[in-house]
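Report on one structure; see the data block that follows.
2 protein chains.
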Amino acid sequence: MGDLSGYRGDALRFLLRVKASVGDVLEVQTAGGTLVGTLVPRYAYEDGEHVVLKLRTGYNVGLKVSGLREGRVLEKGEKPSFSSPAPPKPAKGLPRVLILGTGGTIASRVDYRTGAVHPAVSSAELHSLVPELSREADVHPEIMFDILSENMTPRHWTELAKRVARGVRERFDGVVITHGTDTLGYTAAALSFALAGIPIPVVMVGAQRSSDRPSSDAALNLVAAVSIAAGAEFAGVYVAMHLSEDDEGVAIHRGTRVRKNHTSRRDAFRSLGVPLAGVWRRGRIEEISEGLPQRKGRLRPRVRFDEKVVLLKSYPSMPADLVRGAKRHGAKAIVVEGTGLGHADAAVVRELGRFVRAGGLAFMTSQCLEGRVDLNVYATGRDLIKEGVVPLEDMLPETALVKAMWALGNSRTRERTVGLMEENVAGETTTRTFPD
Amino acid sequence: MGDLSGYRGDALRFLLRVKASVGDVLEVQTAGGTLVGTLVPRYAYEDGEHVVLKLRTGYNVGLKVSGLREGRVLEKGEKPSFSSPAPPKPAKGLPRVLILGTGGTIASRVDYRTGAVHPAVSSAELHSLVPELSREADVHPEIMFDILSENMTPRHWTELAKRVARGVRERFDGVVITHGTDTLGYTAAALSFALAGIPIPVVMVGAQRSSDRPSSDAALNLVAAVSIAAGAEFAGVYVAMHLSEDDEGVAIHRGTRVRKNHTSRRDAFRSLGVPLAGVWRRGRIEEISEGLPQRKGRLRPRVRFDEKVVLLKSYPSMPADLVRGAKRHGAKAIVVEGTGLGHADAAVVRELGRFVRAGGLAFMTSQCLEGRVDLNVYATGRDLIKEGVVPLEDMLPETALVKAMWALGNSRTRERTVGLMEENVAGETTTRTFPD
Numbered sequence: 148m149g150d151l152s153g154y155r156g157d158a159l160r161f162l163l164r165v166k167a168s169v170g171d172v173l174e175v176q177t178a179g180g181t182l183v184g185t186l187v188p189r190y191a192y193e194d195g196e197h198v199v200l201k202l203r204t205g206y207n208v209g210l211k212v213s214g215l216r217e218g219r220v221l222e223k224g225e226k227p228s229f230s231s232p233a234p235p236k237p238a239k240g241l242p243r244v245l246i247l248g249t250g251g252t253i254a255s256r257v258d259y260r261t262g263a264v265h266p267a268v269s270s271a272e273l274h275s276l277v278p279e280l281s282r283e284a285d286v287h288p289e290i291m292f293d294i295l296s297e298n299m300t301p302r303h304w305t306e307l308a309k310r311v312a313r314g315v316r317e318r319f320d321g322v323v324i325t326h327g328t329d330t331l332g333y334t335a336a337a338l339s340f341a342l343a344g345i346p347i348p349v350v351m352v353g354a355q356r357s358s359d360r361p362s363s364d365a366a367l368n369l370v371a372a373v374s375i376a377a378g379a380e381f382a383g384v385y386v387a388m389h390l391s392e393d394d395e396g397v398a399i400h401r402g403t404r405v406r407k408n409h410t411s412r413r414d415a416f417r418s419l420g421v422p423l424a425g426v427w428r429r430g431r432i433e434e435i436s437e438g439l440p441q442r443k444g445r446l447r448p449r450v451r452f453d454e455k456v457v458l459l460k461s462y463p464s465m466p467a468d469l470v471r472g473a474k475r476h477g478a479k480a481i482v483v484e485g486t487g488l489g490h491a492d493a494a495v496v497r498e499l500g501r502f503v504r505a506g507g508l509a510f511m512t513s514q515c516l517e518g519r520v521d522l523n524v525y526a527t528g529r530d531l532i533k534e535g536v537v538p539l540e541d542m543l544p545e546t547a548l549v550k551a552m553w554a555l556g557n558s559r560t561r562e563r564t565v566g567l568m569e570e571n572v573a574g575e576t577t578t579r580t581f582p583d
Numbered sequence: 148m149g150d151l152s153g154y155r156g157d158a159l160r161f162l163l164r165v166k167a168s169v170g171d172v173l174e175v176q177t178a179g180g181t182l183v184g185t186l187v188p189r190y191a192y193e194d195g196e197h198v199v200l201k202l203r204t205g206y207n208v209g210l211k212v213s214g215l216r217e218g219r220v221l222e223k224g225e226k227p228s229f230s231s232p233a234p235p236k237p238a239k240g241l242p243r244v245l246i247l248g249t250g251g252t253i254a255s256r257v258d259y260r261t262g263a264v265h266p267a268v269s270s271a272e273l274h275s276l277v278p279e280l281s282r283e284a285d286v287h288p289e290i291m292f293d294i295l296s297e298n299m300t301p302r303h304w305t306e307l308a309k310r311v312a313r314g315v316r317e318r319f320d321g322v323v324i325t326h327g328t329d330t331l332g333y334t335a336a337a338l339s340f341a342l343a344g345i346p347i348p349v350v351m352v353g354a355q356r357s358s359d360r361p362s363s364d365a366a367l368n369l370v371a372a373v374s375i376a377a378g379a380e381f382a383g384v385y386v387a388m389h390l391s392e393d394d395e396g397v398a399i400h401r402g403t404r405v406r407k408n409h410t411s412r413r414d415a416f417r418s419l420g421v422p423l424a425g426v427w428r429r430g431r432i433e434e435i436s437e438g439l440p441q442r443k444g445r446l447r448p449r450v451r452f453d454e455k456v457v458l459l460k461s462y463p464s465m466p467a468d469l470v471r472g473a474k475r476h477g478a479k480a481i482v483v484e485g486t487g488l489g490h491a492d493a494a495v496v497r498e499l500g501r502f503v504r505a506g507g508l509a510f511m512t513s514q515c516l517e518g519r520v521d522l523n524v525y526a527t528g529r530d531l532i533k534e535g536v537v538p539l540e541d542m543l544p545e546t547a548l549v550k551a552m553w554a555l556g557n558s559r560t561r562e563r564t565v566g567l568m569e570e571n572v573a574g575e576t577t578t579r580t581f582p583d
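This is the structure in C-alpha cells:
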C-alpha cells in the first residue's frame, strides 16, 4: 500500500477502494465528466470528504468523493528521486547577492511525484533547481518566512526592511526577495519607502505558475532577478516579472508604480503611468529609464508602519457608514479610491470632513488607476479640498495605502505625516504634464 | 461695468480693482508665477475669497485673492453671440433615436465667452452643437437629470431603465444616454442587467474633455453613439468612447465589461478580458464581436436595485472590522475585491464566514481586474468556499457590485439571488479557458 498522506474518512476509503496512492495518475468520473490528474497529499483543508488532484493544467482541484461515481489508477507514481547535487563553486569575484525567501512558490523545490511544493532551504537546493544562478552571482539564500502572500502584514514589511538594511551593512551587492504574487506589489511599495535611498538594488520576484508546470515562469524570473541585483547600475526597489506571455524577457518595474493586473497571466505585473525601469533580456539590462537612483549614498532606513489606515473604494451609493466604521475601528488615516479625477458621493464627502475635523487624515486617489487626481476641476473636488482631503496626484491607491501606513509610522506630527505624503519619496508620483 | 456673476467679498473687490469682467482674459501674479486664463462666473463654491480662471489647458483653477500680487486684463471678453439656429429637417425614413441626458457635459451648450456649461435642452440646440446628427437619425433629446455623475445612485438607474423600456414601447430604433464619465461604467452595468434581452441598442456616451476644449471628444463620441443606436445590427447596452488619443474611431464596449481606466485620457475606457463589441469609424461599424445579442425578442425589464450591498477591497492587514461595519450598516451582500485569484487575509475570511452564517451573501472578485478568480488553487481560496463565499469567475468588481444590487432587488429568496449572480445575464462573465 502506497502513501495516502493526510487523507481520512470517506476520502481515504475511496482511495483505498480504487487502490490509489499519492503520486498516481487517477481518472475519476464526476457529474460533470471525466477528470484526470495526479493525486496530491492533503494539507490545509483536511476534511474527510475530498480528494485533491493536480490537473494537467497545473491547477489542483478538490473533489467531493460523494460526487464521484468511479475512479481508477491510470499510471502508478514513481518513487521520489530528488536529491541535491553539490552546488557549483561560484567563480571568484562574482557579485554577492542575498536571496530572501518569504513563502512564495518561486524558490521552491517541487516534488515532481506529488506536486507538493517545499521551500528551497539551502543554497545547494537552490542551485540544483536553477543552476544558471551560479553564473550570475555568489548567492546567499535565506528563508525569512513561509507564509501565504495574502497573510503578509506590515510587521513582515518591517522585518524584511531590517534584514535588507543589514544586507547593505554586510556589503551585499544586491538583494533578491522571492514573494507570492498576490501582495507582491504592496510589499514592493513598503520596501521602497522604508529603504528610500538604498545604495543597492532590491529586486522582488515571484512566479505566476509554480515550477512544476510546463509554462512556469519561476526559473527565468529568478535568474533575471539575481542578474539584476548583481549587475544593475541603478539602486532602489524593483519588481522583476515576465515581460510577456512568452520568455522573451523580464520587465523591471519600479516598486511604487507596479500592480498585479491579471490573476494568472505570466505578464500579470504592469507599470502604471511610467515606463518600465528597464528590461532584462538574455543577461543584459536594456531600455533603462532615465532618473533612476544610483548605487551611492548612505541608507537611513525608516522601517516602521502604522496599520491604522483604511482603504475605501468609492462607488454609486457607497454608504457614508463605511467612513464612520473606519473611524470606529480607530483608523488614523483613510485612503479613498475615488471615481474619475478623485470624486465621491456627496454624503461620503461630508463624512470625510467629519473624520478630518476629528483628527483623522484623508487622502484621495483614483480607482481609474491611470492618470492623476485633480480636485480643482469640478465642484465635488473643491468640496473635498474644503473638507481637508489631501489629493495624492497620480499615486496608485495601493501605494498610497502603504505610504500612509509608513508616513504615520515614521512621523510624530500631523504636519510631518502630510508632508511625507506630499513628498515624492521613491518615485511614487510623477510630475504633472497638461493633457492638451 | 461688466458682469461679475457670483463674486463677492474680497474676490469681488479684487476684480473691481483690476477692472475685470467675466469672460475677460486675465493675467495674475501668484506666489508660484504668472497665470493667464479667462475669468469664469462662480457657482458651486461660493466663498468671497477666490476668483476662478479657466486656463488654456481647459481646466478651471480657483485662486485665493489674498495670494494674488497683481492682476490685469489682457483682453476684453466678447459679448455672447450664441443663438440657436433652426434644426435641419431630418431626411424621411431615418431611424428614430431617443437621447436621454443625465447631466454629463457631452450634450451641453458651452458659452464660449465664460466657459460655463449648460445642458442642451432642445433638439434645436443639440443640432446646432452637432449638426452631423441630422444625417444619422431623427433624434429626440430629453433631459432626465442634471446631476454630477458621482452622485448617481441606483434610484437613477431605475428611472433610466424605465424610460428606456418605455422607449422600446414607443418604437425607437435605439437609445443614446449621455452621462458623466466618472460612474458611466457602473450605470452601463446596471442598465445591462435591468434591460437584459432588450431588442434595440442602448448606447451610453460621455466626454472626457468638455466641448469648449480644442481636444474635446464630445462631438465625435456623440455622433458615433447616435449612429450606432440608429444602425447597429446588434442590441444590448454599450458604451461608446474614443478608441485612442486621436480621432481615428470610437470603441464600442459591452456594458458589463467596461471600465474607466484613466482619469483624463480621451481613450480612458477599456474593455477588460473581452474584445471590443465593435469599432465605429466614419459612419461604419467594424470588427463586430461574435455572439452579441440581436435586435429581436421581447423585453421584460427588471428595474429594481437594492442598495444594501457593500464593496470592500482587500489589502495587507485589512481589518476584519470593515466586514463587521458592513454588517452593522445592514448590508445584505458584500462584494470583495480580493488579491490575486480571490484571496483575503485569514481574519477577514473568518469574518466573512460569520457574515454569511448570519444570513448575508458574500461574493469574491479580483482587484487584478483582468483574469478569473479561482478559489480551488490555494488553501485560502478553499477556506473562502468553506465559509460560503461565492466566486464570480471573471466578473469585474464594479459590475459584480451593481449586479448584486440588481439580483437582490429582483429576487425573493437567497437561492434565487445566488442563482442570478451565477448566471451569465448580460455578458458579464466569459467561459473559462485554461491558461496552459
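Those protein sequences? They're chains A and B, same order as listed. Note that the first sequence covers residues 148 to 583 in this note's numbering. Note that the second sequence covers residues 148 to 583 in this note's numbering. Backbone N, C-alpha and C fix where the C-beta goes; we use that ideal spot for every residue, glycine too.
Residue i, buried or exposed, once every other Cβ within 10 Å from all chains shown has been counted against 16
i, result
"E575 of chain A", "buried"
"G156 of chain B", "exposed"
"D541 of chain B", "buried"
"Q514 of chain A", "buried"
"E570 of chain A", "exposed"
"L280 of chain A", "buried"
"D320 of chain A", "buried"
"V456 of chain A", "buried"
"V183 of chain B", "exposed"
"L101 of chain A", "Nothing can be reported for residue 101 of chain A: it is not among the residues displayed for chain A, which extend from 148 to 583."
"G556 of chain A", "buried"
"L163 of chain B", "exposed"
"Q355 of chain A", "buried"
Inter-residue Cα distance where the pair is residue i and residue j
i, j, result
"T334 of chain B", "P463 of chain A", "9 Å"
"K443 of chain B", "L331 of chain B", "26 Å"
"R404 of chain B", "A505 of chain B", "32 Å"
"R451 of chain A", "M552 of chain A", "8 Å"
"A509 of chain B", "V286 of chain B", "43 Å"
"S461 of chain B", "V483 of chain B", "7 Å"
"R563 of chain A", "G500 of chain A", "20 Å"
"D293 of chain A", "L215 of chain A", "34 Å"
"S436 of chain A", "G425 of chain A", "6 Å"
"N298 of chain A", "A366 of chain B", "49 Å"
"K533 of chain A", "P544 of chain B", "30 Å"
"L516 of chain A", "G485 of chain A", "10 Å"
"A178 of chain B", "A341 of chain B", "53 Å"
Listed by chain order, chain A residues near residue i by CB distance under 7 Å
i, result
"T556 of chain B", "First, the residue type needs correcting, since residue 556 of chain B is Gly and not Thr in the sequence shown. Under the 7 Å cutoff, chain A gives no residues; its nearest Cβ is about 12 Å from G556 of chain B."
"D329 of chain B", "T486, G487 and H490"
"E454 of chain B", "S464"
"H409 of chain B", "C515, E517 and G518"
Closer than 9 Å at the beta carbon, the chain A residues around residue i
i, result
"L295 of chain B", "H490, A493, Y525, A526 and T527"
"T560 of chain B", "Correct list: empty, because the minimum Cβ distance to chain A is about 24 Å."
Interface residues of chain B facing residue i [CB-CB closer than 8 Å]
i, result
"H476 of chain A", "P466, D468, L469 and G472"
7 Å Cβ cut-off: residues of chain B touching residue i
i, result
"Y333 of chain A", "Y462 and P463"
Other residues of its chain near residue i: CB distance less than 6 Å, five sequence neighbours each side excluded
i, result
"A284 of chain B", "L241, P242, V244, V373 and A377"
"R561 of chain B", "none"
"M568 of chain A", "A554"
Chain-ordered chain A contacts of residue i [CB-CB under 8 Å]
i, result
"R208 of chain B", "It should be noted that the sequence gives Val, not Arg, for residue 208 of chain B. Near V208 of chain B (Cβ distances below 8 Å), the residues of chain A are N523."
"L548 of chain B", "Y462"
"P301 of chain B", "P463 and S464"
Residues that residue i contacts on chain B, provided the C-beta gap is smaller than 9 Å
i, result
"M388 of chain A", "The contacting residues do not exist; M388 of chain A stays about 13 Å from chain B at best."
Cutoff 7 Å; reference residue i; Cβ partners in own chain excluding five residues on either side
i, result
"G438 of chain B", "none"
Within the region 342 to 395 of chain A, note down every full alpha helix (DSSP H) run reaching 4 residues or more, in order along the chain. 365 to 378
Curious, which full-length beta strand (DSSP E) runs of at least 3 residues does the region 474 to 512 of chain A contain? 480 to 485
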